[in-house]
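Chains as they are written, first to last, in the working numbering: chain E, 10 to 146; chain C, 152 to 647.
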Amino acid sequence: MISSTIGIWNYWIVFCLMMIGLFLVIGRKNFLKKIVGLAIFQTSVFLLYITFGKIKGGTPPILNESIDTIYSNPLPHVLILTAIVVGVATTALGLSLVLRINSEYGSIEEDDVSAQDLVDYHDDIETGKNLDLKFKK
Amino acid sequence: MIDILIKNLPIIVVLCPLMMSLLVVLIPNIFFSWALTTLSTFLTFIFSILLYQEIQIHSHISYALGKWMPPIGIEYIIDKVAIIPVIIISGISFLATIFAYKIMPEEIEKKSISKVYSLWLLAIAGLLGLVTTGDAFNLFVFLEISSLASVALVAMGAHKDKQALVAAYNYLIIGAVGATLYVIGVGLLYGVTGTLNMADLTNRIADLNNNRALIAGFGFMIIGIMVKAAVFPLHIWLPRAYAYAPSAVSVLLAATATKASLYILARILFSIFENSENLINNTLLFVILPLSLLAIFAGTIMAIYEKDIKRLLAHSSVAQIGYITLAFAIGTKASIAAGFIHMFNHAIIKGGLFIAITSIGFYIKKRVTINNLSGLGRERPITFFCFVICSLSLAGLPLTAGFISKLYLIKASISSDGIWIAILILMSSALSVVYLWKIIEVLWMREGKKIVKKENPTIYISLIIITFLNIYFGLDASLVVNGSFGAADKLIGDLK
Chain E
10 MISSTIGIWN YWIVFCLMMI GLFLVIGRKN FLKKIVGLAI FQTSVFLLYI TFGKIKGGTP
70 PILNESIDTI YSNPLPHVLI LTAIVVGVAT TALGLSLVLR INSEYGSIEE DDVSAQDLVD
130 YHDDIETGKN LDLKFKK
Chain C
152 MIDILIKNLP IIVVLCPLMM SLLVVLIPNI FFSWALTTLS TFLTFIFSIL LYQEIQIHSH
212 ISYALGKWMP PIGIEYIIDK VAIIPVIIIS GISFLATIFA YKIMPEEIEK KSISKVYSLW
272 LLAIAGLLGL VTTGDAFNLF VFLEISSLAS VALVAMGAHK DKQALVAAYN YLIIGAVGAT
332 LYVIGVGLLY GVTGTLNMAD LTNRIADLNN NRALIAGFGF MIIGIMVKAA VFPLHIWLPR
392 AYAYAPSAVS VLLAATATKA SLYILARILF SIFENSENLI NNTLLFVILP LSLLAIFAGT
452 IMAIYEKDIK RLLAHSSVAQ IGYITLAFAI GTKASIAAGF IHMFNHAIIK GGLFIAITSI
512 GFYIKKRVTI NNLSGLGRER PITFFCFVIC SLSLAGLPLT AGFISKLYLI KASISSDGIW
572 IAILILMSSA LSVVYLWKII EVLWMREGKK IVKKENPTIY ISLIIITFLN IYFGLDASLV
632 VNGSFGAADK LIGDLK
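Below is the structure:
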């Protein structure tokens with residue numbers, strides 16, 4: 010029982026990281042912390058794939074002469090290489106959006122930002138002030 | 152020459168916008184970057200028409216990328232199912248590009264126009280790749296290409312309205328979590344089957360009934376795609392993203408973005424997992440069916456109480472997506488066909504509504520809310536007329552495209568002993584008239600200011616074409632209906 014639990018410790022780490030990441034994304038109100046959470050969440054998935062690829066006693070998949078060599082599966086690594094690129098792009102885009110939000114709203118706390126939006130929405134619709142949209146030329 | 156073109160069509164359809172997007176970013180001139188974008192979307196549309204003709208002959212085209220034969224290499228598949236979203240995406244994106252010409256420079260800084268068009272083409276390429284690829288992991292890459300490009304496009308709305316930034320941010324975070332969930336699902340599936348090719352997955356899943364990793368993988372994949380398709384409780388990102396994006400982007404996203412994901416949903420449910428019937432039937436009955444019914448009513452009621460018109464239309468999109476997933480959930484051949492019919496019709500209806508409402512909003516330089524629109528219908532009679540026709544089509548009145556999809560949906564639900572579903576569909580259609588009438592009343596019946604600015608013909612070209620399509624496919628729907636029944640036939644075969 011114990012050996013089988015410890016034997017899959019990689020999956021436990023994946024599981025913990027995944028939950029930490031997802032909690033940060035859902036639970037934090039700070040836009041920057043959400044991005045950190047997202048990055049951790051994605052990293053846990055990378056680790057999951059890499060773990061799939063490992064075969065007990067397997068060598069790196071480089072062709073050698075002996076017939077009975079066991080190779081680890083290289084495909085998950087290749088897939089994850091792609092997924093890492095996607096993850097970097099997502100994080101970069103997210104961070105640049107946070108920068109823009111900070112310069113427009115003066116805050117990156119979700120509560121502040123949605124409070125400002127709410128006032129804006131109220132002015133616009135309920136009181137019928139019909140604010141002109143600010144076009145920056 | 153033509154032979155080579157025909158042979159490589161499945162990849163050319165994706166590569167045409169992808170490569171052009173790299174070219175467009177280099178052109179600083181507003182007109183030329185737009186012209187190149189239009190050219191490439193037009194070419195993509197022509198190529199997808201050619202593909203459609205090929206499909207009528209061969210009915211299944213498989214393209215091995217780089218001559219690496221599937222299941223090891225990446226395969227691109229076009230069949231009678233995939234051709235429907237391909238036509239929708241390429242056609243609507245062409246019309247949306249024409250519409251963008253005048254309206255894009257008004258809402259976005261001049262110097263970033265060419266970059267926006269580049270992102271625009273990238274989003275289209277991502278969506279087309281999403282529907283043509285036959286490889287589960289390749290699908291994830293295209294999913295992210297399209298969603299990152301559309302997030303950046305939505306964020307461009309910040310030039311006139313800073314809320315676009317928050318909308319784009321939420322879209323990014325929720326979309327990225329959805330895509331990552333999908334990747335976990337694919338990983339689990341790969342772990343138990345050892346393949347990523349969709350056709351190969353179908354065969355190997357048949358031997359693994361009730362494997363727990365398989366069921367978990369299925370759950371992750373479905374949830375991930377449902378986030379992207381904005382199926383009811385996972386639709387939170389959609390209304391804001393559509394409302395605060397630049398007008399042309401709203402049109403493009405509303406008409407195409409969720410359709411591709413809905414197609415993937417159908418593909419996962421009825422093609423990849425076709426051999427684990429128990430799992431699918433339970434999912435359809437206990438997850439998709441109740442969620443779709445909730446989506447239809449929640450979306451419609453949210454739309455009735457909404458005052459920002461672009462958000463209103465986005466809420467109504469949530470309801471319409473509910474109709475499509477409801478059709479899938481009933482799970483008979485006729486109902487899946489009805490789902491595809493509505494997928495096509497909703498693209499032209501929502502495209503038309505968004506074009507009409509944003510081109511009115513374009514003149515008032517304000518957020519398009521109920522209060523700001525008073526009497527503008529009388530100032531812009533052609534736009535208003537087209538808006539009314541598209542509204543009638545959305546509500547499902549006879550002689551319009553929306554009627555055809557409601558007709559087939561109700562027929563399918565009655566023939567599978569779901570009279571109560573048919574009644575609910577009729578009720579929600581009646582409710583949708585409430586919010587549509589609200590807009591029409593404000594536009595036509597109230598007194599309002601005069602607009603001095605002249606009407607612009609480039610806006611009308613795409614608006615009139617889309618309105619014409621709405622009427623044409625209401626009068627003669629044989630093309631759409633036959634295509635959709637072909638798709639349903641291909642998806643669930645002779646099983647039911």
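Glycine residues also receive a C-beta, built at the ideal position from the N, C-alpha and C atoms.
Source: prediction; values computed, not measured.
Cβ atoms of C/Ile500 and C/Leu545 come within 8 Å of each other, at about 5 Å. For C/Glu530, the uninterrupted alpha helix (DSSP H) segment begins and ends at 527 to 530. For C/Asp627, no alpha helix (DSSP H) segment is defined, and its DSSP state is neither H nor E. If you look at C/Ala454, you'll find it in the alpha helix (DSSP H) that goes 440 to 456. By the Cβ rule, the stretch 551 to 560 of chain C counts as touching the stretch 490 to 504 of chain C, because three or more pairs are nearer than 8 Å. Taking C-beta atoms as the reference points, E/Tyr58 and C/Gly338 count as a pair closer than 7 Å.
The continuous beta strand (DSSP E) containing C/His211 extends over residues 211 to 215. Closest in alpha carbon position to C/Leu543, among C/Val302, C/Ile570, C/Ile511, C/Ser583, is C/Ser583.
It is roughly 43 Å from the alpha-carbon of C/Gly336 to the alpha-carbon of C/Pro549.
Annotation: Cβ neighbours of C/Val302 in chain E (cutoff 7 Å, chain order): Leu102. When DSSP states are grouped into helix, strand and coil, C/Thr346 belongs to the coil group. Taking a 10 Å sphere around the C-beta of E/Lys43, we find 16 or more other C-beta atoms and assign the residue as buried. For secondary structure counted as the beta strand (DSSP E) over 3 or more consecutive residues, the stretch 455 to 488 of chain C holds no complete run. Identification of chain E residues near C/Leu630 by a Cβ-Cβ cut-off of 9 Å yields none; the smallest Cβ-Cβ distance measures about 37 Å.
Sequence-distant Cβ neighbours of C/Gly528 in its own chain, meaning closer than 6 Å and more than five residues away, are Phe535, Leu594, Trp595. Cβ atoms of C/Gly280 and C/Ala330 stay farther apart than 8 Å, at about 14 Å. Taken in chain order, the members of the stretch 39 to 67 of chain E whose beta-carbon sits within less than 7 Å of a beta-carbon on chain C are Phe40, Lys43, Leu47, Phe50, Gln51, Val54, Leu57, Tyr58, Phe61. Per DSSP, the unbroken alpha helix (DSSP H) holding C/Ile275 starts and ends at 264 to 283.
Going by DSSP, C/Glu592 is part of the alpha helix (DSSP H) stretching over 570 to 595.
One finds nothing in chain C with a Cβ atom closer than 9 Å to the Cβ of E/Val128; even the nearest lies about 11 Å away. Annotation: C/Ala394 to E/Leu102 spans about 20 Å, alpha carbon to alpha carbon. In terms of CA proximity to C/Glu530, C/Glu598 leads the group C/Ala581, C/Glu226, C/Glu598, C/Ile561. Annotation for C/Tyr227: the continuous beta strand (DSSP E) segment containing it runs 226 to 230. Fewer than three pairs of CB atoms, one per stretch, sit closer than 8 Å, so the stretch 628 to 646 of chain C makes no contact with the stretch 567 to 575 of chain C. Excluding sequence positions up to five before and after C/Phe288, its CB lies within less than 7 Å of the CB of Val337, Leu347, all in the same chain and listed in chain order.
What C/Phe288 touches in chain E, judged by beta-carbon distance under 8 Å, is Leu88, Thr91, going in chain order. By the neighbour-count definition (other C-beta atoms within 10 Å, threshold 16), E/Tyr80 is an exposed residue. Closest in C-alpha terms to C/Leu365, from the list C/Lys379, C/Tyr341, C/Ala380, C/Val378, comes C/Tyr341. Close CB contacts of C/Met372 within its chain, under the 7 Å cut and outside five residues either way in sequence, are with Tyr333, Gly336, Val337, Ile419 (chain order).
C/Val282 is a Cβ neighbour of C/Ala233, given a cutoff of 7 Å. With distances taken between CA atoms, E/Asp120 lies nearest to E/Asn39 out of E/Leu106, E/Ile22, E/Leu26, E/Asn39. The beta carbon of C/Ala480 sits closer than 7 Å to those of Leu435, Ile439, Leu440, Ser443, all from its chain and outside the five residues before and after it, given in chain order. By the criterion of a C-beta distance shorter than 8 Å, E/Phe61 is surrounded in its chain by Asn82, Pro85, once the five residues flanking it on both sides are discounted. The residue among E/Thr99, E/Ser123, E/Asp126 with its C-alpha nearest the C-alpha of C/Leu323 is E/Thr99.
Below the 7 Å Cβ cutoff, chain C contributes Ala306, Leu316, Ala319, Tyr320, Leu323 as neighbours of E/Leu106, in chain order. With respect to the C-alpha of C/Ile206, the residue from C/His466, C/Thr192, C/Ile238 having the closest C-alpha is C/Ile238.
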